[in-house]
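>
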Amino acid sequence: MAARSPVATTGYDWTFRRRPQRRVRRLGRLAAEHPLGVFGLVVLMGFVILGVLGPYIAPYDPRELRAGQPFAGPSLDHPFGTNNLGQDVFSRVIAGARISLVIASAAVFFGAGLGALLGMAAGYYGRWVDYLLQRSSEAFSAFPALVLYFLLIAAFGQSPKTIVFAIGISALFSGNRVLRGATMIEARSTYVEAARAMGCSETRIFLRHVVINVLPLTVVLMSGALGAAILAESALAFLGLGVEPGTPSWGIDMSGQNLSFARLGNWHIVVFPGIAISLVVLAANLFGDALRDIWDPRLRK
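Numbering follows my numbering, in which position 187 of the sequence shown is assigned residue number 198; successive positions increment by one, without gaps.
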């Protein structure tokens with residue numbers, strides 16, 4: 012008598028219980044193969060949590076004056092010390108995480124996301140679409156980004172929305188050439204020819220086949236653009252062109268008189284905001300490199 016399968020005897024498919032276990036084992040194997048990528052992901056998630064829960068975690072109001080003795084060094088009450096106004100540096104670093112990550116994320120999704128779509132459209136459709144987008148990219152590359160930001164300030168005023176718009180436009184044409192080349196390769200693949208032979212429209216092939224296969228590369232480029240956007244926001248704030256003075260921002264805390272105070276021995280005023288910027292940018296790059304190694308079949312072991 013033939014043995015019955017577990018599904019026939021119990022009515023339950025045990026393969027559904029194995030699938031989550033396989034996924035967990037696969038994630039564990041990927042984490043073991045890419046420890047630096049795991050480190051980058053953990054750091055990014057940590058700063059995201061600080062940005063969301065910052066008002067509840069910060070021990071002091073980041074704008075509060077005389078929260079402690081001015082120029083106090085790191086201590087139990089003030090882990091990162093205080094600045095010249097007696098503001099708690101630790102609370103300002105936590106509050107600056109929200110501002111930097113919100114501005115950088117919005118700029119990346121607006122600029123790099125739209126730029127990725129334009130690059131894929133240029134690589135797939137070619138002809139006048141490719142010509143128009145590539146000539147526009149070359150013309151924009153010759154235009155200084157700082158001058159563009161000055162024009163935006165004159166038109167819309169100095170605000171976070173202006174920063175997002177300026178960084179987003181700068182990221183619009185940054186990675187579209189890479190995606191254009193990858194899309195041109197995918198557009199000449201066998202499965203695209205098969206879909207076209209079956210009568211699929213060009214729009215359906217582009218959205219359902221080409222975009223899906225180029226999407227992993229898009230995520231990798233956007234993770235790298237996140238670090239560049241954080242650096243750009245911090246640089247604008249450092250020059251006094253970012254958010255309003257007094258706002259908790261990593262770039263503001265490293266600029267102006269704080270540099271002079273740091274030279275006089277108050278190193279903690281600028282060191283801890285600088286460490287925060289370096290950690291986030293490093294984490295974004297490490298996480299992007301790990302995603303590239305995982306999704307690129309040429310780099311797999």
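Even for Gly, the Cβ is constructed at its ideal location relative to N, Cα and C.
Going by DSSP in three states, Thr93 sits in which element: helix, strand or coil?
Here Thr93 carries a strand assignment [DSSP, helix/strand/coil].
> Among Gly39, Arg274, Gly192, Pro171, whose alpha-carbon lies nearest the alpha-carbon of Tyr136?
Gly192
> Give me the Cα-Cα distance between Tyr142 and Ser200, rounded to the nearest whole angstrom.
22 Å
> Can you name the start and end residues of the alpha helix (DSSP H) that Glu149 belongs to?
138–152
> Would you say Ala115 and Ile286 are within 8 Å of each other, going by their C-beta atoms?
no
> Excluding sequence positions up to five away, which residues of its chain have a Cβ less than 6 Å from the Cβ of Ala301?
His45, Gly48
> Classify Arg40 as buried or exposed, calling it buried when 16 or more other Cβ atoms lie within 10 Å of its own Cβ.
Exposed: under 16 other Cβ atoms inside 10 Å.
> Can you find the residues in the same chain that come closer than 6 Å, C-beta to C-beta, to Leu96, ignoring five residues on each side of it along the sequence?
Leu76
> Nearest to Val221 by alpha carbon, out of Leu61, Gly238, Leu190?
Leu190
> Within the same chain, show all residues whose beta-carbon is closer than 6 Å to that of Ser266, passing over the 5 residues directly before and after it, in chain order.
Phe249
> Is the Cβ-Cβ distance between Gly107 and Ile180 less than 8 Å?
No, the Cβ-Cβ distance between Gly107 and Ile180 is not below 8 Å.
> With distances taken from CA atoms, which of Phe82, Tyr71, Leu183 is nearest Arg274?
Phe82
> Of the residues Leu159, Arg215, Phe120, which one's Cα is nearest the Cα of Ala239?
Considering only Leu159, Arg215, Phe120, the residue with the shortest C-alpha distance to Ala239 is Phe120.
> DSSP on Asp99, reduced to helix/strand/coil?
strand
> Measure the alpha-carbon distance for Gly299 versus Leu293 and round it to whole angstroms.
Distance between the alpha carbons of Gly299 and Leu293 is about 10 Å.
> Determine whether the beta carbon atoms of Trp261 and Ile280 lie at a separation below 8 Å.
Between Trp261 and Ile280, the gap from beta carbon to beta carbon reaches 8 Å or more.
> Can the beta-carbon of Ile196 be found closer than 8 Å to that of Arg207?
no
> By the 10 Å Cβ neighbour count, where 16 or more other Cβ atoms means buried, how is Gln98 classified, buried or exposed?
Buried: at least 16 other Cβ atoms inside 10 Å.
> So, using beta-carbon positions, are Tyr71 and Ser111 closer together than 8 Å?
For Tyr71 and Ser111, no; Cβs fall outside 8 Å.
> Within the same chain, show all residues whose beta-carbon is closer than 8 Å to that of Ser330, passing over the 5 residues directly before and after it, in chain order.
Because residue 330 is not part of the residues shown, which for the chain are 12 to 312, the question remains open.
> Sorted by chain position, which residues of the same chain lie with C-beta nearer than 6 Å to Pro259's C-beta, five sequence neighbours on each side aside?
Closer than 6 Å at the Cβ level, and outside the excluded window around Pro259, lie Pro73, Arg103, Ala106, Gly107.
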